[in-house]
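Student: My questions will all concern the structure given below.
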Amino acid sequence: RAGSITSKIPGPSQDHDGPESNQCSLHHFQVSFHQLGWDHWIIAPNLYTPNYCKGTCPRVLRYGLNSPNHAIIQNLVNELVDQSVPQPCCVPYKYVPISILLIEANGNILYKEYEDMIAQSCTCR
Amino acid sequence: KVGQPSTALLAEAPTSPLIRELLEEAPDKQQRKPWVLGHPMRYMLELYQRSADARGHPRENRTIGATMVRLVRPLANVARSLRGLWHIQPLDFLLRPNRAAYQLVRATVVYRHQLHLTGFHLSCHVEPWVQKSPTNHFPSSGRGFSKPSQISKAWTEMDITQHIREGLWNLKGHRVLQLRFMCQQQKGREGLELPWHDASSLDTAFLLLYFNDTHKSVQKAKLLPGGLEDFMERESSLLLRRAR
Numbered sequence: 091r092a093g094s095i096t097s098k099i100p101g102p103s104q105d106h107d108g109p110e111s112n113q114c115s116l117h118h119f120q121v122s123f124h125q126l127g128w129d130h131w132i133i134a135p136n137l138y139t140p141n142y143c144k145g146t147c148p149r150v151l152r153y154g155l156n157s158p159n160h161a162i163i164q165n166l167v168n169e170l171v172d173q174s175v176p177q178p179c180c181v182p183y184k185y186v187p188i189s190i191l192l193i194e195a196n197g198n199i200l201y202k203e204y205e206d207m208i209a210q211s212c213t214c215r
Numbered sequence: 004k005v006g007q008p009s010t011a012l013l014a015e016a017p018t019s020p021l022i023r024e025l026l027e028e029a030p031d032k033q034q035r036k037p038w039v040l041g042h043p044m045r046y047m048l049e050l051y052q053r054s055a056d057a058r059g060h061p062r063e064n065r066t067i068g069a070t071m072v073r074l075v076r077p078l079a080n081v082a083r084s085l086r087g088l089w090h091i092q093p094l095d096f097l098l099r100p101n102r103a104a105y106q107l108v109r110a111t112v113v114y115r116h117q118l119h120l121t122g123f124h125l126s127c128h129v130e131p132w133v134q135k136s137p138t139n140h141f142p143s144s145g146r147g148f149s150k151p152s153q154i155s156k157a158w159t160e161m162d163i164t165q166h167i168r169e170g171l172w173n174l175k176g177h178r179v180l181q182l183r184f185m186c187q188q189q190k191g192r193e194g195l196e197l198p199w200h201d202a203s204s205l206d207t208a209f210l211l212l213y214f215n216d217t218h219k220s221v222q223k224a225k226l227l228p229g230g231l232e233d234f235m236e237r238e239s240s241l242l243l244r245r246a247r
């Protein structure tokens, strides 16, 4: 049944989905705590690799993108019903934590694992 | 907004728990002090290296048993008194108010069991603060204090989880954990003035509080009733096989 719906949608094209290199994907990105203005209290690590997701979401969301059903329907709505409803966006799907060692205002030292600090994969939703 | 301080940008969205913490805990950049590489800092750096790699990724095989460890230094109270062979130093640790999301899993006190001051050698231990005069107390005699374990030639770590939980953990607001650092002088040298200024008052003992962040697990439990997540994982692998 899904096939009969999606078959009405034109296949991927360069002008709509953009070139292959512009498809939604994970981009490596590193920043120092000095650049964020936190180097006066964060002791370790020196560098932070949050990464980011960037790129165009394809019109037919393939399985590997882990898109939820809602994103698939929103794509169909954009294509077939109302173009003012936007296409899904390229956003992080999975994250991993980061351990930080920092010095607090009162001189105490804190080790803490912060969840969801590094993007590990991307999705269209 | 390039060039604007990151804290100013964060203040625009203070509802996020991460941002609230960053705004509350971060010292003022103007009051920046050089980090002192004393024993507390060395201890925490070693703990960090054992628990995370150079990029900050928590190690799979970490044995820390908590997601947060706070090293608390004693308040700068150097009023030492002498009773016979014993030199007594009060150690007051200010404990912050409890946060619902953080559960205390362990508390230990790390202290110097050997203190070498110019011309003096002292054996030391830590015990709960009591008003009565000391006799031959040993740390293990304190209620809620476990047997101390030596972590290096001069330093000892002692579990005081039970003492903290029973004594003051459930009190509201800021609380003060009162301990005393007791050092016994060699016989025959009593009455002599000890060069205490040689020993940094903040570097004789510190407190370690181990917490688990329950926020994440509570959120997960709300989203997925027990067992459903496992079921979904099993089901998705089954679907994959079927598709193949």
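If you're matching them up, the sequences are chains A and B in order.
Following our numbering, the numbering of the first sequence begins with 91 at its first residue and continues without gaps.
Following our numbering, the numbering of the second sequence begins with 4 at its first residue and continues without gaps.
Idealized CB from N, CA, C, for every residue including glycine.
Check the Cβ of M47/B against every Cβ in chain A and list those closer than 7 Å, keeping chain order.
Tutor: The answer, in chain order, is L191, I199 and Y201.
Student: For F184/B, report the span of its beta strand (DSSP E) as first-last.
Tutor: From DSSP, the beta strand (DSSP E) with F184/B extends over R178 to Q187.
Student: Just the chain B side, please: which residues come within less than 7 Å of P187/A by C-beta, in chain order?
Tutor: Ordered by position in chain B, the residues that pass the 7 Å Cβ test against P187/A are P61.
Student: As a quick exercise: from A103/B, L171/B, R115/B and G122/B, pick the residue whose alpha carbon is nearest that of H128/B.
Tutor: Of the listed residues, the one whose Cα sits closest to H128/B is R115/B.
Student: Go ahead and pull the three-state DSSP assignment for E49/B.
Tutor: DSSP places E49/B in helix when its eight states are reduced to three.
Student: Kindly list, in the order they appear in chain B, the residues whose Cβ is closer than 9 Å to that of Y142/A.
Tutor: Going along chain B, no residue has its Cβ under 9 Å from Y142/A, so there is no contact; the nearest lies around 16 Å.
Student: Would DSSP call I193/A helix, strand or coil?
Tutor: DSSP places I193/A in strand when its eight states are reduced to three.
Student: With DSSP run on the structure shown, which of helix, strand or coil describes Q92/B?
Tutor: Strand, per DSSP.
Student: Measuring only the C-alpha atoms, how far is L191/A from V39/B?
Tutor: Each residue's Cα considered, the two are about 14 Å apart.
Student: How should A79/B be labelled, buried or exposed, when 16 other C-beta atoms within 10 angstroms of its C-beta is the threshold for buried?
Tutor: A79/B should be labelled exposed.
Student: Tell me whether A103/B sits in a helix, a strand or coil according to DSSP, three-state version.
Tutor: A103/B: coil per DSSP, three-state reduction.
Student: Against chain B, which members of the segment 139-163 of chain A pass a CB distance test of less than 9 Å?
Tutor: Cβ contacts with chain B: T139 and Y153.
Student: Excluding five sequence neighbours on each side, which residues of the same chain lie with their C-beta closer than 6 Å to the C-beta of F123/A?
Tutor: Within the same chain, F123/A has close Cβ partners D129 and I132.
Student: Could you have a look at I154/B and say whether DSSP puts it in helix, strand or coil?
Tutor: In this structure, I154/B counts as coil in the three-state DSSP scheme.
Student: I'd like the list of long-range same chain contacts for Q106/B, defined as Cβ closer than 7 Å, with 5 residues on each side in sequence excluded.
Tutor: Here the set comprises F214, N215 and T217.
Student: Kindly confirm or deny that the segment 191-206 of chain A and the segment 162-173 of chain A touch, where touching means at least three C-beta pairs closer than 8 Å.
Tutor: Cβ pair count under 8 Å is below three, so no.
Student: With 16 other CB atoms within 10 Å as the buried threshold, where does F141/B fall?
Tutor: Low confidence applies here, because F141/B scores a pLDDT of 40, under 50, leaving its location unreliable and the question unanswered by this model.
Student: Considering Cα atoms alone, identify which of A55/B, T159/B, L212/B and E130/B is closest to P93/B.
Tutor: If we check each option's Cα against that of P93/B, E130/B comes out closest.
Student: Checking contacts by CB at 8 Å: is T66/B closer than that to chain A?
Tutor: So no, T66/B is outside the interface.
Student: Reducing DSSP to helix, strand and coil, say where L26/B ends up.
Tutor: Note: L26/B maps to helix in three-state DSSP.
Student: Using C-beta distances below 8 Å, list every residue in its chain close to G176/B, excluding the 5 sequence neighbours before and after it, in chain order.
Tutor: For G176/B, where only same-chain residues beyond five positions count, the Cβ hits under 8 Å are P100.
Student: Spatial neighbours of L151/A within its chain, please: CB distance less than 8 Å, with the 5 preceding and 5 following residues excluded, ordered by chain position.
Tutor: The answer, listed in chain order, is S157, A161, I162, N165, P178 and C214.
Student: Report the CB separation of V75/B from F209/B in whole angstroms; it is logged as a contact under 8 Å.
Tutor: So it is a contact: roughly 7 Å between Cβ atoms.
Student: Measuring alpha carbon to alpha carbon, tell me which residue in S115/A, G197/A, Q120/A and V171/A is nearest G145/A.
Tutor: That would be S115/A, whose Cα lies nearest to the Cα of G145/A.
Student: Assuming H60/B contacts V186/A under a Cβ cut-off of 8 Å, what Cβ separation, rounded to an integer in Å, is found between them?
Tutor: Between V186/A and H60/B the Cβ distance is about 7 Å, and since that is below 8 Å, they are a contact.
Student: Does DSSP classify A209/A as helix, strand or coil?
Tutor: Note: A209/A maps to strand in three-state DSSP.
Student: In or out: P135/A buried (at least 16 other Cβ within 10 Å) or exposed?
Tutor: Buried, because 16 or more other Cβ atoms sit within 10 Å of the Cβ of P135/A.
Student: Could you tell me which whole alpha helix (DSSP H) segments of length 4 or greater appear in the segment 105-191 of chain A?
Tutor: Segments of the alpha helix (DSSP H) lying fully in the segment 105-191 of chain A: 123-126 and 159-166.
Student: First and last residue of the beta strand (DSSP E) that includes R168/B?
Tutor: That residue, R168/B, is in no beta strand (DSSP E); its alpha helix (DSSP H) goes T164 to G170.
Student: When you compare only the Cα positions, how much space is there between Q120/A and Q189/B?
Tutor: Taking the straight line joining both Cα atoms gives about 56 Å.
Student: Note down, in chain order, every chain B residue with its Cβ under 7 Å from the Cβ of P135/A.
Tutor: Per Cβ cutoff of 7 Å: A57, R58 and G59.
Student: Can you give me, in chain order, the residues of the segment 72-88 of chain B that have a beta carbon less than 8 Å from any beta carbon in chain A?
Tutor: Result list: V72, R73, L74, V75 and R76.
Student: Any idea if T298/B is buried or exposed, counting beta-carbon neighbours within 10 angstroms, 16 or more meaning buried?
Tutor: This structure gives no information on residue 298/B, because the portion of chain B shown stretches from 4 to 247.
Student: Which residues in the same chain have their Cβ closer than 8 Å to the Cβ of A69/B, if we skip the five residues on either side of it in sequence?
Tutor: Result list for A69/B: V108, R109, Y213, F214 and N215, in chain order.
Student: Would you report the Cα separation of K150/B and P77/B, rounded to the nearest angstrom?
Tutor: For K150/B and P77/B, the distance between alpha carbons rounds to 22 Å.
Student: Can you find the residues in the same chain that come closer than 6 Å, C-beta to C-beta, to K202/A, ignoring five residues on each side of it along the sequence?
Tutor: Around K202/A: I190.
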